[in-house]
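Student: Residue numbers (the working numbering): 425 to 536. Quick reminder that beta carbons are idealized off the backbone N, C-alpha and C, glycines included. What follows is a structure written as structure tokens; I'll ask about it next.
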């Protein structure tokens, strides 16, 4: 081993190499994050549009229990997108409107 003390210049050169390595690693992280953001944006662009109306199925999977406006935060995982006519028909058949999004009001159906 070299027993001579490191010179100030040698220490500064060492520090420079460490900082260059840190900068290279940071640039790699930035590039990876930019790629991730591009993928997220592509995924959002490819995502199908949200349906305007939803019918939520009951636990048994067959009986509709609620009609929701598309995007309603209360719509459960058993919801499926339907047309405006299908939503109106479901309400006419006695399916309840969601009490949060008031799909019946949005569809112009007023209880008489």
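Counting beta carbon pairs with one atom in the segment 473-490 and one in the segment 520-536, are three or more of them shorter than 8 Å?
Tutor: Touching, yes.
Student: What's the gap between the Cα of residue 507 and the Cα of residue 471?
Tutor: Roughly 19 Å between the two C-alpha positions.
Student: Give every residue of the same chain whose Cβ lies closer than 6 Å to the Cβ of residue 527, excluding the five residues on either side of it in the sequence, and list them in chain order.
Tutor: For residue 527, where only same-chain residues beyond five positions count, the Cβ hits under 6 Å are 491, 492, 493 and 521.
Student: At what residues does the alpha helix (DSSP H) containing residue 487 begin and finish?
Tutor: Where residue 487 is concerned, there is no enclosing alpha helix (DSSP H), given that its DSSP letter is neither H nor E.
Student: To the nearest whole angstrom, what separates the beta carbons of residue 511 and residue 531, a pair I think is in contact under 8 Å?
Tutor: Confirmed, about 6 Å.
Student: Please name the residue, chosen from 469, 431, 503 and 474, that lies closest to residue 482 on a Cα-to-Cα basis.
Tutor: Out of 469, 431, 503 and 474, 503 has the C-alpha closest to the C-alpha of residue 482.
Student: So what does residue 477 bridge to, in DSSP terms?
Tutor: Residue 477 is bridged to 493 and 506.
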